[in-house]
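In the numbering used here, the protein residues as written are 494 to 674.
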Amino acid sequence: MSVGHDESAAHLGSCEIKRLSSEELAKLDMVQGMTLIHDTKIALCDELENVADCLPSNTDVLSCLSLAAKLLPVLRLAHAYEERVIFPAYEVVVAGTDYSMSVDRLRGEHISDDCFAADLTDVLLKIGHGGHVGQAETFGYMLRGFFDSLRRHVAFESEHVVPVLRNSLNSRRKLSNGSGY
Ligand SMILES: [Fe+2]
494 MSVGHDESAA HLGSCEIKRL SSEELAKLDM VQGMTLIHDT KIALCDELEN VADCLPSNTD
554 VLSCLSLAAK LLPVLRLAHA YEERVIFPAY EVVVAGTDYS MSVDRLRGEH ISDDCFAADL
614 TDVLLKIGHG GHVGQAETFG YMLRGFFDSL RRHVAFESEH VVPVLRNSLN SRRKLSNGSG
674 Y
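Rendered as structure tokens:
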């Protein structure tokens with residue numbers, strides 16, 4: 494699944510070497526930062542879907558260990574950035590509109606994603622260390638529930654939050670360049 498922004502296309506050429514980190518986010522504007530976060534989350538979803546597809550006995554232990562190591566740190570970094578930088582800027586622009594309530598829902602989804610990711614990490618670690626997946630079907634449902642929800646979250650932010658931020662940034666740039674009103 495692709496996020497499909499202009500900004501996404503703009504950094505596709507270096508996508509393979511760009512990793513989500515606080516240092517990387519500090520170099521980017523809000524739209525670029527959000528796009529990097531979305532691309533990273535979608536890549537995580539694809540990896541988790543691959544694990545689900547390989548259950549119960551064909552899972553790759555290294556993939557599971559890799560996912561276990563990065564799933565929570567990536568989500569926590571992404572959520573902290575969105576809640577500290579993205580959402581306050583978005584709330585200013587959409588104040589008084591139907592979208593003003595959506596930030597509360599998005600924050601709530603961050604919390605549930607963190608909790609869910611912690612549970613998934615425990616099982617991924619167990620598989621990665623050669624443990625038997627006792628209830629593979631249940632784990633498969635957990636994985637699919639998680640990445641389906643995360644993809645919906647990313648899709649909403651991509652379709653509703655990012656365009657608002659992009660317009661806001663463009664307006665500010667026009668004003669600062671003296672070509673505005
Ligand atoms: Fe988010």
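No residue lacks a Cβ here, since even glycine has one placed at the ideal position from N, Cα and C.
Say the cut is 7 Å; is the CB of residue i nearer than that to a heavy atom of ligand 1?
i	result
LEU599	yes
GLU650	yes
GLU681	This structure cannot settle anything about residue 681, because the visible part of the chain is limited to 494 through 674.
HIS625	no
HIS447	A question about residue 447 goes unanswered here, because the residues of the chain that appear run from 494 up to 674.
HIS622	no
Among the options, whose alpha-carbon lies nearest the alpha-carbon of residue i?
i	options	result
GLY526	PHE609, VAL578, LEU558, LEU564	VAL578
LEU643	VAL586, ARG666, ASP532, CYS538	CYS538
SER515	VAL654, LYS534, SER550, ARG569	ARG569
GLY601	GLY621, GLY589, PHE580	PHE580
CB residue i to CB residue j, shorter than 8 Å?
i	j	result
LEU636	VAL567	no
GLU576	ILE530	no
LEU513	ALA561	no
LEU541	PHE639	yes
ARG659	VAL524	yes
LEU558	VAL626	no
LEU662	ASP532	no
*Is the stretch 585-596 in contact with the stretch 621-636, if contact means three or more CB pairs nearer than 8 Å?*
no
_Cβ contact check for the stretch 549-562 and the stretch 640-658: 3 or more pairs under 8 Å_ = no
*With contact counted as at least three CB pairs below 8 Å, one residue from each stretch, are the stretch 602-615 and the stretch 577-592 in contact?*
no
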